[in-house]
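The number in the working numbering is simply the position in the sequence shown, starting from 1, with 462 added. Reviewing the structure listed below.
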Amino acid sequence: MSLAYKAMMIARHAHKEQRRKYTNAPYTDHLSEVAGIVATVTDFDCIGADAVIATAWLHDIIEDCGYTCTSLWSALSQTETPVTHIDQVVRGVHWLSDTEKGNRETRKRLSRERLAKAPGWVQTIKCADLISNTGSIVQFDPAFAKTYLKEKQLLLEVMTKADRRLWDVANELLLR
463 MSLAYKAMMI
473 ARHAHKEQRR
483 KYTNAPYTDH
493 LSEVAGIVAT
503 VTDFDCIGAD
513 AVIATAWLHD
523 IIEDCGYTCT
533 SLWSALSQTE
543 TPVTHIDQVV
553 RGVHWLSDTE
563 KGNRETRKRL
573 SRERLAKAPG
583 WVQTIKCADL
593 ISNTGSIVQF
603 DPAFAKTYLK
613 EKQLLLEVMT
623 KADRRLWDVA
633 NELLLR
């Protein structure tokens with residue numbers, strides 16, 4: 463069983479009751495979309511595509527589902543995947559997890575600082591997440607979209623190691 467497939471199954475189970483805010487679609491649709499977007503640019507030098515796609519499937523599991531890095535590692539270790547690949551996925555999910563405390567401005571600043579230091583493949587997943595989220599927010603909540611677009615433009619500015627193709631798509635969506 464591939465690591466990406468195992469991650470998909472873990473994510474589908476963990477998020478099975480969760481719904482998208484504006485559309486009420488299953489939250490797993492968003493995870494699938496992020497993984498699919500990432501899969502279009504899988505030419506990563508430092509990490510295999512399987513681990514990147516697995517991380518994309520799991521990118522919200524810590525902040526939304528009560529998983530910890532330890533419990534995620536344990537769930538992923540049920541495969542015949544090398545430990546180093548599991549470590550990469552868990553580290554990637556940790557980089558992508560918004561666990562900062564404080565008011566919104568503080569949380570967003572700390573999130574930017576964290577993601578600015580993240581490896582390029584992690585920043586690429588975040589770009590895919592922005593691409594997936596932006597359309598529905600702009601369509602269904604134009605008032606909040608003004609704040610969201612400004613925050614995400616600031617985030618995109620510090621994600622200088624992301625795949626440039628997805629960075630450009632995310633940037634185009636944010637500038638509309």
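Yeah, the Cβ is synthetic: ideal placement off N, Cα and C, and Gly gets one too. Predicted, not measured: the structure shown is a model, and the values here were computed from it.
{"Query": "Cβ contact (3+ pairs, closer than 8 angstroms) linking the segment 567 to 581 and the segment 527 to 544", "Result": "no"}
{"Query": "Under the three-state DSSP convention, the category proline 604 falls into", "Result": "helix"}
{"Query": "Beta-carbon proximity of leucine 577 to valine 620, cut-off 8 angstroms", "Result": "yes"}
{"Query": "For arginine 627, three-class secondary structure by DSSP", "Result": "helix"}
{"Query": "Residues near glutamate 495 in its chain [Cβ-Cβ closer than 7 angstroms; skip 5 each side]", "Result": "Ser594"}
{"Query": "Outcome for alanine 487 when other beta-carbon atoms lying within 10 angstroms are tallied against a minimum of 16", "Result": "exposed"}
{"Query": "Inter-residue spacing [alpha-carbon to alpha-carbon] between arginine 574 and glutamine 601", "Result": "25 angstroms"}
{"Query": "Where the alpha helix (DSSP H) through methionine 471 begins and ends", "Result": "465 to 476"}
{"Query": "Continuous alpha helix (DSSP H) stretch holding tyrosine 489: start and end", "Result": "489 to 501"}
{"Query": "Among Ala501, Asp522, Ile515, nearest to alanine 466 - alpha-carbon criterion", "Result": "Ile515"}
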